[in-house]
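Inspection log for the structure reproduced underneath, given as structure tokens.
Protein chains: 2
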Amino acid sequence: MPSKLIAALGLACLSWPIALTAETGYDAWLRYAPLEGAALAQARQSIPAVVALLDDSPVGHSAQAEIVRGIRGMLGRTMRAEGSLPTENAIVVGTLEEIRRAAPGWRLEIPVGAASLPANSYRLRTVTANGRVYTVVAAPDARGLLYGSFALLRKIALGQALAGVDESQSPYASIRWVNQWDNLDGSIERGYGGRSIFWEGGKAREDLTRVADYGRLLASLGIDGCSINNVNANPKVLSPDFLPQIARIAEALRPWGVRVVLAVDFGSPKSIGGLDTFDPLEERVAAWWKSAADAIYSAIPDLGGFVLKADSEGRVGPSTYGRTHADAANVVARALAPHGGLLLYRGFVYDHHMDWRNLKNDRARAAYDNFHDLDGKFDDNVVIQIKNGPIDFQVREPASPLFGALEKTNQAIELQVTQEYMGQAHHLVFLPAMWKETLDFDMHAGNSTSPTPVKALVAGRVFHRTVGGFVGVVNAGLDENWMGNHMSQANLYGFGRLAWDPDLSAARIADEWTRLTFGSDPTVDKTIDQMQLTSWRTYENYTGPLGLQTLTDITGNHYGVNVEASERNGWGQWHRADDKGVGMDRTAATGTGYIGQYRPAVARVFESMAACPDDLLLFLHHVPYTHVLHDGKTVIQYIYDSHYEGAEAVEGYVRAWQRLKPLVDERRYREVLDQLEYQAGQAEVWRDAVTNWFARASGIADAKGRVGHYAGRFEAERLALERYAVRDVTLAEDASGGQAVACAAATCTATLRYQGPSGWYTLRVEYFDQNDGVSHYRLWVGKQLIDEWAADRKLPTRRLDSTSSTRRQISGVALRPGDEIRVEGVPGGAEQAALDYIEIVPER
Amino acid sequence: MPSKLIAALGLACLSWPIALTAETGYDAWLRYAPLEGAALAQARQSIPAVVALLDDSPVGHSAQAEIVRGIRGMLGRTMRAEGSLPTENAIVVGTLEEIRRAAPGWRLEIPVGAASLPANSYRLRTVTANGRVYTVVAAPDARGLLYGSFALLRKIALGQALAGVDESQSPYASIRWVNQWDNLDGSIERGYGGRSIFWEGGKAREDLTRVADYGRLLASLGIDGCSINNVNANPKVLSPDFLPQIARIAEALRPWGVRVVLAVDFGSPKSIGGLDTFDPLEERVAAWWKSAADAIYSAIPDLGGFVLKADSEGRVGPSTYGRTHADAANVVARALAPHGGLLLYRGFVYDHHMDWRNLKNDRARAAYDNFHDLDGKFDDNVVIQIKNGPIDFQVREPASPLFGALEKTNQAIELQVTQEYMGQAHHLVFLPAMWKETLDFDMHAGNSTSPTPVKALVAGRVFHRTVGGFVGVVNAGLDENWMGNHMSQANLYGFGRLAWDPDLSAARIADEWTRLTFGSDPTVDKTIDQMQLTSWRTYENYTGPLGLQTLTDITGNHYGVNVEASERNGWGQWHRADDKGVGMDRTAATGTGYIGQYRPAVARVFESMAACPDDLLLFLHHVPYTHVLHDGKTVIQYIYDSHYEGAEAVEGYVRAWQRLKPLVDERRYREVLDQLEYQAGQAEVWRDAVTNWFARASGIADAKGRVGHYAGRFEAERLALERYAVRDVTLAEDASGGQAVACAAATCTATLRYQGPSGWYTLRVEYFDQNDGVSHYRLWVGKQLIDEWAADRKLPTRRLDSTSSTRRQISGVALRPGDEIRVEGVPGGAEQAALDYIEIVPER
């Protein structure tokens, strides 16, 4: 059966030799790029000709085929895929049981037999028998074979020697899942990498090749579950006639050991079940959930379970009938239990109509307040899925106190891989560095004195829960590179690696990813690693330092700057900056009491302004702008400085990346450069907006004289304008000088007469690129056209605001006193070719 | 007028910074890739900020814009384009007249004023005046400004210092034209780079951007004329209602100083003119030509002239009325003369119904026989356009004797840039190396003892003709890289460079081209230069050594092997190989007398077998196979050896190219590798076909035992076949063993049981890739799919022959005794998934 075998062997791509596939980002960290030089020679020496599979599952076949594929890519050799132990050197991929049967004499040295290797574990070991050398990938189950095979290939790709390999790895936790927030219409909530790979027009996509390829990416990290629809769930997914759609997706993921998980709507018994209630304590409702679960498990026997978002952000929940979250979770969980399914119940429950005038109100308290009293009331197959911080994926939050508060309840940490508040694939932000701080944070839970970091709590290790772990919100899409940004792939890689082994350092993860994704050139690796590892701090520096949270438009696109968006509304992301000071007083003594939700050892540190880390200061305390930080700076000066540092750091990334040009493939070089150059401009927009806001609010000037003073900057509203009209932007901070110019005619011009010294200059044109049209711009010096461009980025706004504010940088322009610099704008669609300013920067 | 200026400044591409444009081959040698390191620093030091244009012609504006564009690409700086002499350092591009006016004091040191620089010349010179440094591009006319500007940019791109530049260049000859054989329907005769850039569906293409870009490529080489339609001309081009189509094309080429030339049909007065005759001596015919010329010149005042192919290969001509070529040429030329137009009259006139049994018949005599008696009978604006050799662009021909026989007639050499008999863009063949041999060949013409090389004769230098030069048959097409093969661009580059200066060496041309096209890495340059410079000899070695001509299907596609295609027919490309010997006896003593057409000093060398160069031996003499060459080998052994050497050389190109992987951009690396790997397989097809033919014909075995003995080769017809049927191929030499297998079922298999030693092997599958369908193949070892591919190359045949014979090479395959190697073929269209053989080659 050729076609079946092709699928099993993963050879669909054979028509091109792997080595010659263009670098598009599609293969992510599984490129299997050809080894060269000494690494190739060493690998050819140590890799035998045969890979034998002692297992007969589809997942086992995927493992064997992956080894064939990987070796083919890296060594240019096609190993022989065999089904029994060969009488020659070989890689042997086999379950412990089959290996014992085929080679009873082998000593794999696992203490007490198969049971001693936990589910999904693997063991890599060199065995010499009858003068032959076998590199063994052994595991208690097929997933373990797959994970071990990927681990073996990773070692080869990283140039590690295989000779004498001896290593066992077990997953840190049982739950290593991703959530995709894909809507059935094909759109993705908080998705920045294109439309859904799963859905289009209310159905599973015709071609599910990418779903299978996504399964492979996930499997390479040890991820074994994937929810395939938005947590703001369409009830339709539980309709019987929709089951075949889900089954098709499950079939595409199954060879990679990835189970489908469904997000369900708590109101389903009523909305699609024909009942007049969804009260979790009603028998009929319980029966409905049971029959719905039975139906779906008969179609998809290996379904991982359900994810449920209830009583949150407009979703219905148990509160409709005065029931508890435990009531809600258990009624669904009991329907899943006979099938071994899990219910992941989201802890992201809060009131978004809180009175902002009440200084005791605090959204950060919500998860703890809602769930800690219910500890012990949840069934054993319920898992509370808790966001890393108490708010919502902000650039800096303390670990959620709920992690330390559930002792008799399963929990999982929800990390956001998609960069909702983190630049949305337009900014480079390496999140594993941030996640590590939370995962390693000691909650001082339990009764022993040994550390109880968040990772151990969520894995169930502290309170001896058998279920728990890690959930990543990923929104891989149809973009060729999955994430909309090559660098963002590192976040998925890092999530998966941490879910498998949260003890890995961020540096190690970054380095593995870089070498697998961009090759082993030391300059490339060092440069990219450094960019990745500093990127979170850089982003924090220009978007919300000192625990301010991300100072973005929290009721809008979660992308551009909007310092006040969090204030004077019920959403509770308040930072309470005013003319005197800034920060949320969450102390037990004078504030909201949030700090009191932590165990005393943690609360003591947070409560004390002296002990509280500066990074979290404004998240936990309200202070005057003149408050002096541990490093001796005032808060206000720190806000100024950090923003300038952040913007400069991104300019540094651009320069560092440019030095890699000869070392990186053309396409990815170009695409990453474009992203970084855009980010550099946007970092300056943030810098200027935030620092001006705080300068105005505090009335305290920047000690370094930068804020409000921009050498070489010419506001568009002050230029000689033809047909351009001066316009107010959405917020004063959205434009330099608080105003822009926009064009309501067919074409408009803004002209500046240059009076500075002769020389070579870089011109920066700050313009507005909305998503409701494509304007065109031309820049002239005298009669000479110097540059032209289109405002065609995909940015989430239709307004003149910080989101649309975009920089065009034109280097190498010769200027002479008296030159006329003229920008011509041609509106397109609803976009009015607006301009903010022109900046003239001398070149060295 | 912005849009006009954009066009004038050539800034259409500005929307992407040039440095980041992907390498597609479109920009050919005008990439203006960013300089780096010391070269960049030096160039930034020496290039000023201003380029001033002292000229007001469109061509002058192109020159200025090109400098802006080039400097922008290489230095990342946009120079100021000014229209008068600036009071600062500048590049000054100006006609001698305008420079004298603007800066009367400048000493450009041209002996006696403007007249001393011939048309289209340029002078590059550094002038210091008033403490300022001007780099001057001076010329007597706008074309000279353009050529000088391109020369300046070439210097910068090649890293040559500009400081103190002092150089004058004049074109070697007045005619530097290309002929495109494009049909009005958009197809191209002998075109291997896609469809026509000029025509589609009987009209000029809607979008002529590529025509303008082609004009720029031509201008960069100093080419100033381009015939835009097939020499087998459609009479329609002279219809009055067609003129606007031609005028549009002329407009696109005009800013680059390239004049349109038209190929016309001699029967036009009758076929479209409404006359009942086209007799050149008829008044009415002369009047018709005059009015046709007047009409076209009124639409296109700068038309270069006409090209005329008459009485050749089915075209009508003066013979219809018993008139001479002079009569024919002069009637057309007199119509052109008042407008300054030239008539290029093709010397490619011969009888293709010659009796092959008459050993005195000889097509090689035709050009001389047809034209030398007419010497002096042609008007002054007639130019006889003579192919480099006496036959037709074969891999090796002596220079045409006609070059030495016209003393009172203008002549031009016709060189073929498109690789009709030279692998047609599927094979790497650098033609300038071949052209140089002809151009430098001393014809011993004239009466002085000084050398009279072909280049001097065609330029009119020997017999003091004012008109003459170089015509290249180019068929640039819509393929992104213009030629269908990146490496083939070097042939256009080389043609243009030689037309400008035929004293340039092939090595210098190759090196310039490589550095401009692939950058300045020394390993890259050395590798590509060596490949290019040896490629003609390599191609000759496997397609027709010792002057056999190209042993291809001369009545068919001019591509695959067909040793006998030249024989026993009237086309006259006979090599007369039989069981005793081989070669055309063209001696004066015993042969066709062709050698007698040369001047005695040349004839003496050719006539004597002892003096005749081995490379031309079989073109000029008939010898037994056992004839011993100057190097001591017999002719037959030389034929064997050269074919093996040629095939091995191409394998060497593949290996050499593979070493460039990290140094060449991804796409061009991949595309060139694909071409070279294909060529390596095809060279083996040629090797086997030709050596087997001569082994059979001569009855003399290869002394090295290779011919007919192929280690590791398994003929498909001997394998275990399921549904595959044994088939005869077109010629015995078209397949190894004289047979192939083809599949008339839905799918067929051919299976081989391997019995050799265990190890790593390369498998070579020789299959047939016709152009009337796309078959699919899969190769299995045991149950394992190892490779799959589609037979989807574009090769010019619908048959099982040497043209369709194609090699698939699969490296890194582990084999064990007893393995079943199985090829599965799935026919597509009329193509029957045919197989020739499988070869198993051990890897080291």
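Residue numbers (our numbering), protein chains in the order written: chain P, 1 to 844; chain V, 845 to 1688.
In this text, a Cβ means the ideal position worked out from N, Cα and C, and glycines have one as well.
If the cut-off is 9 angstroms on Cβ atoms, which residues from the segment 900-927 of chain V count as contacting chain P, listed in chain order?
Per Cβ criterion, the list reads Val912, Ile915, Arg916, Leu919, Gly920, Arg921, Thr922, Met923, Arg924, Ala925, Glu926 and Gly927.
Do Met923 of chain V and Val894 of chain V have their beta-carbon atoms positioned less than 8 angstroms apart in this structure?
Result yes, Cβ atoms of Val894 of chain V and Met923 of chain V sit closer than 8 angstroms.
Determine the chain V residues that contact Gly812 of chain P at a beta-carbon separation under 8 angstroms, and present them in chain order.
The answer, in chain order, is Arg916, Leu919, Gly920, Arg921 and Thr922.
How would you list, in chain order, the residues of chain P whose beta-carbon sits under 7 angstroms from the beta-carbon of Ile1630 of chain V?
Result: Thr78.
With a floor of 4 residues, list each alpha helix (DSSP H) that falls wholly inside the segment 26-89 of chain P, ordered by position along the chain.
The segment 26-89 of chain P contains these whole alpha helix (DSSP H) runs: 37-46 and 58-75.
Under 8 angstroms, Cβ to Cβ, is there at least one residue of chain V near Ala689 of chain P?
No, no contact with chain V.
Expressed to the nearest angstrom, what Euclidean distance is found between the alpha-carbon atoms of Trp1624 of chain V and Val1609 of chain V?
Each residue's Cα considered, the two are about 12 angstroms apart.
Once DSSP output is grouped into helix, strand and coil, what is the label at Lys1047 of chain V?
Lys1047 of chain V falls in the strand class under three-state DSSP.
Mind listing which residues of the segment 1602-1623 of chain V have their C-beta closer than 8 angstroms to chain P's C-betas, in chain order?
From the segment 1602-1623 of chain V, only Ser1602, Trp1604 and Arg1622 have a Cβ closer than 8 angstroms to chain P.
When the Cβ atoms of the segment 1236-1254 of chain V are set against those of the segment 1491-1500 of chain V, are three or more pairs found closer than 8 angstroms?
The segment 1236-1254 of chain V is not in contact with the segment 1491-1500 of chain V.
Taking one C-beta from the segment 1477-1491 of chain V and one from the segment 1221-1236 of chain V each time, how about it: are there three or more such pairs within less than 8 angstroms?
Result no; under three Cβ-Cβ pairs closer than 8 angstroms.
Tell whether a beta-carbon distance below 8 angstroms holds between Leu1348 of chain V and Arg1359 of chain V.
No.
Here's the rule I'm using: 16 or more other beta-carbon atoms within 10 Å means buried, otherwise exposed. How should Ala830 of chain P be labelled?
So Ala830 of chain P counts as exposed.
Would you mind stating whether Val68 of chain P and Arg125 of chain P have Cβ atoms separated by less than 8 angstroms?
No. Outside cutoff.
Distance check for Ser196 of chain P and Ser187 of chain P, CA to CA, integer angstroms please.
For Ser187 of chain P and Ser196 of chain P, the distance between alpha carbons rounds to 6 angstroms.
Would you mind stating whether Gln1614 of chain V and Arg1643 of chain V have Cβ atoms separated by less than 8 angstroms?
Their beta carbons are under 8 angstroms apart, which means Gln1614 of chain V touches Arg1643 of chain V by this criterion.
If I'm right that Gly1626 of chain V touches Asp1663 of chain V with Cβ under 8 angstroms, what's the distance once you round it to whole angstroms?
6 angstroms between Cβ atoms; contact.
Shortest alpha-carbon distance to Gly1321 of chain V belongs to which of V:Gly1312, V:Gly1313, V:Leu1336 and V:Val1311?
For the residues V:Gly1312, V:Gly1313, V:Leu1336 and V:Val1311, the minimum Cα distance to Gly1321 of chain V belongs to V:Leu1336.
Express the C-alpha separation of His621 of chain P and Ala601 of chain P in angstroms, rounding to a whole number.
The straight-line gap from Cα to Cα measures roughly 18 angstroms.
Any idea if Thr1448 of chain V is buried or exposed, counting beta-carbon neighbours within 10 angstroms, 16 or more meaning buried?
Checking the displayed sequence, the identity of residue 1448 of chain V turns out to be Arg instead of Thr. The residue in question, Arg1448 of chain V, is exposed, as its Cβ has fewer than 16 Cβ neighbours within 10 Å.
Under 8 angstroms between beta-carbons, which chain V residues line up against Arg667 of chain P? List them in chain order, please.
Ala866 and Glu1510, listed in chain order.
Is there a Cβ of chain P sitting closer than 8 angstroms to that of Val895 of chain V, yes or no?
With 8 angstroms as the cut-off, Val895 of chain V does not count as an interface residue toward chain P.
Please say whether Arg365 of chain P and Met354 of chain P have beta carbons closer to each other than 8 angstroms?
No, the Cβ-Cβ distance between Met354 of chain P and Arg365 of chain P is not below 8 angstroms.
Pick out whichever of P:Gly404, P:Lys436 and P:Asn475 has its Cα sitting closest to the Cα of Thr452 of chain P.
If we check each option's Cα against that of Thr452 of chain P, P:Gly404 comes out closest.
Can you have a look at Gly113 of chain P and say buried or exposed, based on whether 16 or more other CB atoms are within 10 angstroms of its CB?
For Gly113 of chain P, the pLDDT reaches just 47, beneath the cut-off of 50, and the residue's location in the model is therefore unreliable, although a value from the coordinates is still provided. Burial call: exposed.
Within its chain, find whatever has a CB closer than 8 angstroms to the CB of Val813 of chain P; leave out the 5 residues flanking it on each side and keep chain order.
Here the set comprises Trp760, Tyr761, Thr762, Leu763, Val781 and Ile786.
Just mark Ala65 of chain P as buried or exposed, buried being the case when its beta carbon has 16 or more other beta carbons within 10 Å.
Classification of Ala65 of chain P: buried, given that the 10 Å Cβ count is 16 or more.
Against chain V, does Val127 of chain P count as a neighbour if the rule is that its beta carbon must be under 8 angstroms from one of theirs?
Cβ-Cβ to chain V under 8 angstroms: no for Val127 of chain P.
For Val458 of chain P and Gly1363 of chain V, what's the separation of their Cα atoms in angstroms?
Each residue's Cα considered, the two are about 55 angstroms apart.
Compare the C-beta of Val654 of chain P with all C-beta atoms of chain V and state if any pair is closer than 8 angstroms.
No, no contact with chain V.
According to DSSP, simplified to helix, strand and coil, what is Ala1500 of chain V?
Three-state DSSP puts Ala1500 of chain V in a helix.
Using the C-alpha atoms, what's the distance from Arg210 of chain P back to Thr534 of chain P?
If you take the alpha carbons of Thr534 of chain P and Arg210 of chain P, they lie about 32 angstroms apart.
Using a Cβ-Cβ cut-off of 8 angstroms, state whether Val1625 of chain V counts as contacting chain P.
So, interface residue.
Using 8 angstroms for Cβ pairs, my map puts Pro140 of chain P next to Ser121 of chain P. What's the rounded Cβ distance?
Yes, Pro140 of chain P and Ser121 of chain P are in contact; Cβ-Cβ is about 6 angstroms, under 8 angstroms.
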